[in-house]
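Inspection log for the structure reproduced underneath, given as structure tokens.
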Amino acid sequence: MMTVFPPNSSSTGQQLYCPLLETMRNHSLNNNTHVNLVLVSVLGVVSGLGILENALVLWVLGFRLRRKTVAAVWVINLALSDFLATLTLPLFTHYLAVGHSWELGQVLCSAEASVFFLNMFVSAYLLAAISLDRCLLVAKPVWSQNHRTVASACKVCALGWLWAAVNTFPYYVFRRVTVKRDGRKLCYHNFAIYSSLIMLEQNCKVRQTATAVSKVLLAFILPVVIIALSYRHFAQQLRARRQRRASHQMGVMGNGKVDRSKSSRKLSTVSPSAGAERLSRSFNKMVASVITTFALCWAPYHLFCMLEVTAQYFPSDSSLVALVEVGLPLSTVFAFMNPVLNPIIYTFSCPHFCTRIRQSLGLLFEGLVEEAGPLVLTTSRRWKKDPISPTSPISLSSPTTPTLPRLFNFEKCPEEESGQNV
């Protein structure tokens with residue numbers, strides 16, 4: 000009868016490890032307790048904040064909008080990806096809290112890594128898609144008017160999730176919990192799985208290089224190039240449009256023989272579409288801020304991924320291996336900051352956000368401490384679930400319990416540009 004060996008064992012029953020992973024198993028980190036305590040404390044607060052932020056964004060955009068727009072579809076999918084990533088941040092925080100040792104088992108190890116890489120690929124794909132969308136909106140307004148719909152945006156997002164899942168699958172397969180010599184455990188990819196002893200070194204190098212290069216190319220360099228080219232063309236189109244508009248206004252002024260004082264008053268008059276253009280610029284600034292945050296948060300991680308590949312070819316260099324073993328978790332912390340910062344950018348990009356949030360929190364706390372507030376209710380009156388209108392005034396002297404305005408009304412953030420639903 001043929002003997003079946005485990006996927007990461009040789010014919011002799013010996014556990015197989017790639018040279019880099021074997022060096023990590025033998026290496027013992029000198030952890031700074033004070034640094035770890037500060038890092039764990041910060042990550043604990045950040046993880047809770049990130050989960051609440053992204054849950055709030057999903058609730059508002061997913062359930063409180065009266066009218067879905069293409070921009071709302073983009074942001075909902077980004078927020079969903081970020082929400083999943085922030086859900087795994089407490090697991091990573093626990094890994095750091097117990098002294099860089101993974102004590103949560105193989106299932107959570109694979110799940111945490113898969114969600115992390117899924118968020119990485121989905122975020123890169125969606126930001127590139129949003130950049131192309133903004134470019135087409137300006138460069139091809141007629142085509143966008145006919146083809147740019149919420150349904151088409153949903154299909155593009157579904158394709159992005161599928162593409163990200165395919166790219167994430169190898170990391171799910173090769174992620175393993177490995178016990179180190181000092182008793183601590185690593186949640187790290189073991190590319191020696193499904194390999195023979197003869198092909199071990201070659202398979203490790205090929206698999207390590209292929210996954211690292213694919214991460215850097217597909218989840219960072221290629222999206223950044225697409226984003227840069229899209230916004231370069233976007234800026235050129237806007238500049239040309241402004242020049243045509245300015246020349247047209249000058250021609251009208253010349254033909255009408257308008258004096259200088261009247262022309263200055265005419266130029267200062269706000270057109271009906273000025274508000275929409277201003278709100279569209281707010282959305283463009285939001286997208287630019289999200290893209291900048293993405294690049295800054297993920298650049299250190301991809302840099303250490305390339306150092307990881309280099310260490311694969313020089314496993315005897317203990318200083319390089321130690322740098323990778325320490326630097327990868329720290330760069331992962333920076334990467335985890337991206338889904339935490341995105342909701343802050345969404346909300347503060349909305350017009351009059353500070354006024355809305357101040358009014359909302361003021362009404363909330365006033366309702367909690369007033370005599371007829373819900374926490375000290377002395378009558379049989381119930382909290383009325385009146386429909387919320389983002390523009391309706393709220394009277395504090397109303398006999399009924401005041402309703403809370405939305406913290407940020409995304410129907411007014413991604414506004415229309417030239418009749419387009421952004």
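Letter by letter, the sequence shown follows residues 0 to 421 of numbering that gives the first Met the number 0.
No residue lacks a Cβ here, since even glycine has one placed at the ideal position from N, Cα and C.
- Of Arg-244, Pro-314, Gln-235, Met-23, the smallest CA-CA separation from Ser-100 is found for Met-23.
- For Leu-19, the closest alpha carbon among the candidates Asn-341, Phe-335, Ser-315 is that of Ser-315.
- Exclusion of the five residues before and after Phe-233 leaves Arg-133, Cys-134, Val-137 as the residues of its chain whose Cβ lies within less than 7 Å of its Cβ.
- Rounded to whole angstroms, the Cβ separation of Phe-333 and Cys-296 is 5 Å, and the two are in contact under 8 Å.
- Between Ile-50 and Thr-92, the beta carbon gap of about 12 Å keeps them out of contact (Cβ cut-off 8 Å).
- Each residue's CA atom was taken as its position, placing Ile-75 and Gly-182 some 42 Å apart.
- Fully contained in the region 138-172 are the following alpha helix (DSSP H) runs of length 4 or more, in chain order: 140-146.
- Relative to the Cα of Leu-216, the nearest Cα in the group Tyr-171, Phe-173, Asn-166 belongs to Asn-166.
- Around the beta carbon of Asn-25, fewer than 16 other beta carbons lie within 10 angstroms, which makes this residue exposed.
- With a contact defined as Cβ atoms closer than 8 Å, Trp-73 and Leu-125 qualify at about 6 Å.
- Minimum Cα-Cα distance from Cys-153 among the listed residues Leu-221, Ala-71, Pro-328, Ala-294 corresponds to Ala-71.
- Here the C-alpha atom of Ala-218 lies approximately 11 Å from the C-alpha atom of Phe-293.
- The beta carbon of Glu-52 sits closer than 6 Å to the beta carbons of Pro-342 from its chain, once the five residues preceding and following it are set aside; these are given in chain order.
- In this chain, His-26 is not harboured by any beta strand (DSSP E), its DSSP state being neither H nor E.
- In the displayed model, Leu-185 falls within a strand according to three-state DSSP.
- When DSSP states are grouped into helix, strand and coil, Thr-177 belongs to the strand group.
- Under the 10 Å beta carbon count, Phe-282 is surrounded by 16 or more other beta carbons and is classified as buried.
- If you draw a straight line from the Cα of Cys-304 to the Cα of Glu-111, it comes to about 18 Å.
- Annotation: the continuous alpha helix (DSSP H) that includes Val-69 extends over 69-96.
- Proximity to Phe-173 across Asn-145, Ala-150, Val-106 peaks at Val-106, based on C-alpha coordinates.
- Classified as exposed, Leu-237 has fewer than 16 neighbouring CB atoms from the shown chains inside 10 Å of its CB.
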